[in-house]
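These notes are about the structure you will find just below.
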Amino acid sequence: MHTEKTPMISIQGLRKSFGNNTVLRDINLSVERGEVIALIGPSGSGKSTLLRCLNMLELPCAGSFTQHPSAAC
């Protein structure tokens, strides 16, 4: 039996800048069902900006992301 995994969240080449300050540069990430991840880093490193982009509270400058809620069930 062949089972293909579909990531719950897939991010490709995400980039976000505020003026001349590039906060996110070419972020690539895939989160599979059952995985637990943590975003860690110093203040100002883009953790909250990444989450805001995923929730469409900020619009990324480049790249794409796909959310597959059905993969979570």
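Position 39, counted from 1, in the sequence shown is what this note's numbering calls 263; the numbers after and before it change by one each time, with no gaps.
Using N, Cα and C, we set each Cβ at its ideal position, and we do this for glycine too.
Reduced DSSP secondary structure (H/G/I, E/B, other) of residue i
i: Lys-229; result: coil
i: Asp-234; result: Before going on, a small fix: residue 234 reads as Ser here, not Asp. Three-state result, Ser-234: strand.
i: Arg-257; result: coil
i: Asp-288; result: First, the amino acid is wrong: residue 288 is Ser here, not Asp. Looking at Ser-288 - three-state DSSP - the assignment turns out to be strand.
i: Ser-294; result: helix
CB contact flag (residue i, residue j, <7 Å)
i: His-292; j: Thr-230; result: yes
i: Leu-253; j: Arg-239; result: no
i: Ile-235; j: Ile-261; result: no
i: Gly-237; j: Gly-287; result: yes
Nearest-angstrom Cβ-Cβ length linking residue i and residue j, presumed shorter than 8 Å
i: Phe-289; j: Leu-278; result: 6 Å
Where the alpha helix (DSSP H) containing residue i begins and where it ends
i: Leu-275; result: 271-278
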